[in-house]
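Read top to bottom, the protein sequences are chains A, B, C and D.
Following numbering that gives the first Met the number 0, the numbering of the first sequence begins with 0 at its first residue and continues without gaps.
Following numbering that gives the first Met the number 0, the numbering of the second sequence begins with 0 at its first residue and continues without gaps.
Following numbering that gives the first Met the number 0, the numbering of the third sequence begins with 0 at its first residue and continues without gaps.
Following numbering that gives the first Met the number 0, the numbering of the fourth sequence begins with 0 at its first residue and continues without gaps.
Beta carbons: idealized from backbone N, C-alpha and C, even for Gly.
The structure under discussion appears below in the form of structure tokens.
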Amino acid sequence: MTDRLLEIRNLEIDGESDEVWHEIIKGLDLDLDRGEVLGLIGESGAGKSTLGLAAMNFVRPGCRIRGGTICFDGQELTEQSETTLRKLRGVRIAYVAQSAAASFNPAHQLIDQFSEIPVVHKVKNRQDAEADAKDLYRRVLLPDPNGIGYRYPHQVSGGQLQRAMTAMALSCRPDLIIFDEPTTALDVTTQIEVLATIRDIVREFNTAAIYISHDLAVVAQMADRIMVLRYGELVEESTTRQMMSDPKMDYTKSLWAVRSFKKEAETAATEINPVVKVDNVTAGYGKEDILKNVTFEIHRGQTVAIVGESGSGKSTAARVITGLLPPRLGEVQFNGETLPKSFKSRNKDQLRHVQMIYQMADTALNPRQRIRNIIGRPLSFYLNLRGKQKEERIRELLSLIELEPDLYIDRYPDELSGGQKQRVSIARALAAEPEFIICDEVTSALDQLVAEGILRLLDRLQREFNLAYMFITHDLATVKAIADNVVVMLQGEIVEQGPKTDVFSPPHHEYTELLLSSVPEMDPDWLNELIAHREKHGVMRSTSTS
Amino acid sequence: MVLQRFGLGLLTLFVVSIIIFVGVEFLPGDIAEALLGQGASPENVAALRHELGLDRPAHIRYIDWWAGVMQGDLGTSLANRRDIAELITFRLSNTLFLALTAAAISVPLALILGVLAALYRNGIYDRSVNVVTLGAVSAPEFLTAYVLILYFSVKLGWFPSLSNIDANTPFIEKLHQATLPAVTLMAVILAYMMRMVRASIINLLASAYIEMAHLKGMPKLRVIVKHALPNAWAPIANIIAISLAYLVVGVVVVEVVFIYPGLGQLMVDSVSNRDIPVVQACAMIFAGTYILLNLTADIVSICTNPRLLHPK
Amino acid sequence: MKNSKIEQLIHQDTALKQALGDPRVTRRDFLAFAGAMGLSTAMGSALWSGRALASMPKRGGHMVSGLNDANTGDSLDCGLFNATYMICVSRAFRDSLVNVGQDNSMEPALAESWEASADAKVWRFNIRQGVEFHNGKSLTTGDVVASINKHRGEDTTSYAKGVFSGISDVRVDGNAVVVELADGNADCPALFTDYHFNIMPSKDGVAESLSDAGTGPYLLKEYNPGVKTVLERNPNAWHPDGGALADSHEVLAILDDTARQSALISGSVDVINRPALKGIARLKKVKGVNIVDVASNLAFTHPMRMDVTPFDNMDFRTALKLSTPRQEFIDKVLFGYGAIGNDQPLGPGFASYDTNLSVEYDLDKAKHHLKKSGHEGVTIDLSASNTSYGGAMDAAQLFQQHWAKIGVNLNIVQEPQDGYWNNVWNVKPFCTCYWGARPVEDMILSIAYLSSSPWNDTLIKNARVDELVVAARGELDQAKRTAMYQEVQQIISKEGGTIIPAFGTDVAATRDTIGVGEQIGGGWEMDGGHFLKRWWKA
Amino acid sequence: MTGAETTSRDPKINRPRRTRLQGALREVLKAPMTAKFGILVILVYGFVAIFAPVLTPYGETEIVGPEFDVWGEQFILGTDGLGRDMLTRLLFGARNTVGVAFITTCLAFLIGGLTGLLAAIYGGWLDQISSRIVDVLMAIPQLIFALMLLAIFGTSIPTLVIVIATLDATRIFRVTRAVSLNVVVLDYFEAARLRGERIFWLCVREILPNITAPLMAEFGLRFCFVFLMIAALSFLGLGIQPPTADWGSMVRENAVLITFGDITPVLPAIAIAILTLGVNFLVDWFLHKSSGLKDGH
């Protein structure tokens, strides 16, 4: 007799967009035993969060369950009243959200939000709940477990909040916890710490869990069994090790293949003079320096990747180059000529040659302008193209970014998918006929397959037009794929820079090492080994309290 | 930050006093002409001007006025030589009484209605409250007042149509007298406040921590009251401040209809009489109230914002 | 402020007007010499036309009245009075030397008696003895002299300066005050019935005009300008029977017409002045409410500058006069509360009023005159504003429609309310205007209808009128005087440059518990401003 | 949260493209009842305002009957105190009152919107100074300030419009500035700035199209406030002057009849209330659409 905890049969969920209902989950089955960890994986839009929440018979606004059964511990949830469900939630099924920073109420102390669950559900009284909270805080390896609960969410770092949220999920010792991308918003170095904690604590309490992620490598560390979802349907389901070693479906295989893209050949600098030189720049807001004495060069036809975790100053560097943030000290040179510090004093040509592609294609394109106008504007603005000439050039650019001109030229951005929007962004940058393009996390908001397409496109364009790229990213996989040179930044300073091969081959700088080793690998044992390795070598678990 | 706001408030007050002073100076005629009428000989007017000190240059009078204010002396009314402080105290207390009465009913009511509307949004309750309050705010306030008088005063005789109150009127009696004016004012601000409360709460309901609260199995009301409301205080304080400012400042029409002896009527009359010291004093009180209320709203925002309240 | 009609007619200062802040609203009151110089022969007085006669006068009770003519800038300085509220209040707690009775006779007040020299140049007023001010101070002749002098001299700030300008000297003689006039005037006692003239205590020969101490039948218990006044019976009143009927009063300032009316209907107040005429037909039918109305000599005038084409043409003027809808003016602008006018300024309240003089509405004749004038199809401007009188805009439209019928296009120019009397009246060729009631014919004619008149707003220069007016002033024979004034009326009506479609009426409304007496005094609304003392609560 | 998950294979991508007009029509058809009511009211009022002279049986200021005639065949809603047809005046009132309020609101938006936009784009001292000026103006009671200004400049319709528009512009400044600031921080605006675009382009092409929804909503609210403000000023004798038919002063001038329970004087007020209600419903819908908030649970 199996100890079945959750049994979902033929679940169908609809979502509403623009007042049209369409299916998000199309008849899925899901089984989960007590103490088992199930991984749900898929790209955005695959329905994995929706499915996870459905395990609590909860749907987000704008969604509805159309059919199927959700049986939790012998209880049919779809037939239960809201009150019964409410009593289940938090007590027997708990939820850990992607962004702990947003999911903790800013107005209350952590421990209040913890104790609230057992107290409201009358599981424990307030004192016991607080004592329990402190105990759990200790177990999830939070620093100062007795005091940290009395802090407010904003006073605690992101990684710690995620741990606190895990602790909160455990407050009533639930049978099932749903982890919805709990580490996606975290930096890689923080991520592994939290992953380890979550895994340990789930095992310790023998709690069943559904672990949702888009990152197969992460799921591989956590789950006993994996379900691959796509468009609300099951693609493949098997145990973790089996799926790692022997994926059956093409789609699953393609997920593996994501990191297969590699730039054809590393291009050595062909010219001695760099296109862009950032010379000993110090910059920041107010009195604080975000960038400290930063110097690097970018050559024609080359890609320089700026790598670092959030707060390392990599985006600030981009703002200095574009002139949005005039540096306090130092200067930016373009083809040997010093650029005016502020973009306001730069001439049209100087502006034209430095183009930028943004992380969020959604906000990078004016939603009220048609593609024609978005791409056409730089043409008429910089190059004085008019009428037919302009129209032809727009079409040419659209073809270049692999969008069918006739189909897309009159669309608005919200009629495009994320990847298509990013392509339009690229076309807009290209339209200015620049020598240098800054790519600010251009792939981090995209699914892996789409991201790969963008990378390939950028690579092709680079070769075609001999462009210089500055690639800002926190994703080392991307760096490995596309960079010629790498600049590693930490807290506003350059830790290490040089050709990719040099930087990524030992001996590493200590921080580079930390970064590299923290990237999850497709190996169910990777996390175990890494933790063991680090403990042996005394690399501290990060407990920064900032 | 509060100090900075306070300083800005004082500066605003100063600029307001200049604007009002200059404005009254620009009005055609002055108090001497207003008091004497045109039949008076130029000598008469000159005599009165001299008597009132109006023959001095405007900037000197302005500086003198400030000198007086600094010493806590608001001066005397030019029209009837009464002590302005005394004149205003009576009316200010009436105005505040009316404003507070109206606020005491409408603020909690707006909060409750707004929270309930947010809770049952888009339901029958939400829609009907919306329509009713909007209907109330859509009518010009003098109309609301007249209709209230027709039913509650003329027909039913429950409340007086006049607010015949003075300094010695007992509290309960005052309340009785001020009921209809207060209800009229309520009709004006309730819809606005309720809608803003509803909107700011609904705005918050999209937050991740509200979903989290639901997923923690918290009851609906607790989610709104415990999780949404504490984060909505800043916008709500702002709304209340604006509404209160309106209650103090914008009640001229209600004062006229209910013969309520408040500051608004005094200021309007004083403007027409060119009674600069009284106009200035009223304007300072109004502007001061506005600034003070906004300052309070700011402080409330700060005090309810854990980020500012509990720095890292 | 459109259409708040006759309620605003008599004086300009309703709340709305004050909101506008026209400093000149008071000038007409000055012009009017405030109407209180009541000479008995001339005063408009009428039997009360209310429905049920209230019971016999009764002492006691508390009366609440709501008056509209008040302002937060009001003060107790009687030299600055210009409106009903303060006039009534002051008449209740102060006294004059002489009062106008309800029958419009001269009644002794603080002057027990008076006698004149043969040439009527020197007047001796015997001051009542043993009278005390409310603050305990005894009334002296010095107080009377100071109270008179308040309105005299170069630097006086009193509106009534003109009323007393004929006085050349005032002196004390024993218990009497002797007044010397520059020229003989048989009506001198009437000067002292003026509402600006109240007896106030004095200090060092100067009247204390802001003092709340009077000698009147009521004590001023509470006074809050523009809000309310509380009066209580003066136990030490010198007046026979205490001089007043109700024991106490609350006088509320209720500027808003609707509020005043609702207050009366709901019984919150017992008396209101100037009920909105628009609703008066309905108000009359309300149970428990009486309407009190008294004819007045107030004139609604429309002066044309007779030096401007086409107003310089008598046929053109006649054409306009003949096509002016007088009855409709009364019906629609005055809601029936008025008397038909005949384009001359002396109202039906004057004994000399020529009842045979009327201007018929005759479009054919009008067309004939217009044709003769050669101005057919002309377009003229009428400068109008409700500042001139409530309903002036409505009246202008009425004229527009009727004059169009004879081929005169009237273009209504809405003038700004502020500065109307400065920038429009006496400036624009044709405007709306009004003249308050005057006690004697001469005052109106001398001010506005002589070639030399200071405010000759029609620029009339008629030698015969000049001659007649001067002659009548000196004529002691009443019949001859009347004949002279009637001739003046005929000339002005025929040749003059003003259209006067109607004369006004003073209207008040009371609860039926209020008795007002068989006859109501004229000269000012609310029983000549004496209603607080004279009306009673049954 | 992975918000994108609610839509699988974004249906927007494959749907047929529409022109803006078609899109707007489709939106209107999908709108809730209240919004439809609002649109209907506004259309009817607009129609009446434009075609008032054609629709009315008599002239706006024409005296056609006895005073206070009762409801009947000749005068459907009776006559007013001067014998003018009530229905005619009511219909003309739509033109005058709504027209003046509309022009005033437009002017207020022109002033407040422009300064708000510029303050948001330029920031710095321009922002500081304009914000302080607005603070000062807002600290002075609006009604009393209007009263003073109207007394100084006279009570003609143009001054009325300018004075109220100026005073109202302060509120619009704040709103425009706030919503513009949201756009100014977005990447596409930064991109346009980095391209070297001039201020006119930034305002007209980059910001304005993206703040239309909240501005439209604000426009509706402001319109109502202006409307009520003019009514209040009419009450105090400073609004639209006679003989122009204006709802505010029509209520005011016949207000004494309300005490007798007459319905006629309340009609203009009801007209005001219906319009305000309609506009607010529409505003709600706009707000709902612009916030993109999907209600549920």
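Check                                                                                                                         : Outcome
Three-state secondary structure (DSSP) of Asp179 of chain A                                                                   : strand
Secondary structure, beta strand (DSSP E): runs of 3+ residues fully inside the stretch 74-118 of chain D                     : none
Chain C contacts made by the stretch 257-279 of chain D, where a contact means CB separation under 9 Å                        : Ile257, Thr258, Phe259 and Asp261
CB contact below 7 Å: Leu159 of chain D versus chain C                                                                        : no
Phe334 of chain C CB to nearest heavy atom of the ligand COA below 6 Å                                                        : As far as ligands go, the structure on display features none, and thus does not contain the ligand COA.
DSSP state of Cys430 of chain C mapped onto helix, strand, coil                                                               : strand
Exposed unless 16 or more other CB atoms sit within 10 angstroms - verdict on Met36 of chain C                                : Per-residue confidence for Met36 of chain C stands at a pLDDT of 33, beneath the threshold of 50, marking its modelled position as unreliable; the derived number appears in the next sentence. Met36 of chain C is buried by the Cβ-count criterion.
Beta-bridge pairing of Gly497 of chain A - partner residues as DSSP gives them                                                : A:Val485
Helix, strand or coil at Gly8 of chain B [DSSP, three-state]                                                                  : helix
Segment contact, 8 Å Cβ cut-off, at least three pairs: the stretch 88-98 of chain D with the stretch 338-358 of chain C       : no
Bridge-paired residues (DSSP) for Ile436 of chain A                                                                           : A:Gln354 and A:Tyr468
Contacts that Ile264 of chain C makes with chain D (C-beta to C-beta distance below 7 Å)                                      : Thr258
Cβ of Gly249 of chain B within 7 Å of any chain D Cβ                                                                          : yes
Chain-ordered chain B contacts of Ile116 of chain A [CB-CB under 9 Å]                                                         : Lys215, Gly216 and Met217
Listed by chain order, chain B residues near Leu227 of chain D by CB distance under 9 Å                                       : Val136, Ser137, Ala138, Pro139, Glu140 and Val187
For Arg221 of chain B, the nearest candidate out of B:Asn237, B:Ile235, B:Leu204 and B:Arg306 (CA to CA)                      : B:Leu204
Residue span of the alpha helix (DSSP H) that contains Glu440 of chain C, given as start and end                              : Glu440 to Ala447
Presumed contact (8 Å Cβ cut-off) between Ala186 of chain B and Leu97 of chain B, rounded CB distance                         : Not quite, the Cβ-Cβ distance comes to about 14 Å (not below 8 Å), so this is no contact.
As assigned by DSSP and simplified to three states, the class of Thr457 of chain C                                            : coil
Gly157 of chain A at chain B interface by Cβ criterion, 7 Å                                                                   : no
Under 7 Å between C-beta atoms of Val506 of chain C and Trp534 of chain C                                                     : no
Coil, strand or helix - Pro105 of chain A by DSSP                                                                             : coil
Close-in-space but distant-in-sequence residues of the same chain around Asn279 of chain D (CB under 7 Å, 5 per side omitted) : Gly219 and Cys223
Boundaries (first-last residue) of the alpha helix (DSSP H) holding Asp32 of chain A                                          : Taken as a continuous stretch (DSSP letters only), Asp32 of chain A belongs to no alpha helix (DSSP H), being part of the beta strand (DSSP E) at Val19 to Asp32.
Pick from C:Asn233, C:Leu254, C:Ala258 and C:Asp256 that is closest to Ser247 of chain C, judged by C-alpha positions         : C:Asn233
Sufficient close CB pairs (3 or more, under 8 Å) joining the stretch 105-118 of chain D to the stretch 527-534 of chain A     : no
Proximity of Gly67 of chain A and Leu160 of chain A at Cβ, strictly below 7 Å                                                 : no
Local Cβ density within 10 Å of Gln490 of chain A, reported as buried at 16 or more and exposed below that                    : exposed
For Phe191 of chain C, three-class secondary structure by DSSP                                                                : coil
Inter-stretch contact at 8 Å, needing at least 3 Cβ pairs: the stretch 215-233 of chain A / the stretch 30-37 of chain A      : yes
Residues in the stretch 105-137 of chain B having any Cβ partner in chain D nearer than 7 Å                                   : Arg120, Asn121, Leu133, Gly134 and Ser137
Chain D contact for Met266 of chain B (CB, 7 Å cutoff)                                                                        : yes
Element boundaries [beta strand (DSSP E), containing Asn279 of chain A]                                                       : Val275 to Ala282
Identified DSSP bridge partners for Ser237 of chain A                                                                         : A:Ile225
Bridge partner(s) assigned by DSSP for Lys552 of chain C                                                                      : Outside the modelled stretch of chain C, which goes from 0 to 537, sits residue 552 of chain C, for which no answer is possible.
Residues near Thr169 of chain D in its chain [Cβ-Cβ closer than 8 Å; skip 5 each side]                                        : Gly111, Val133, Leu136 and Met137
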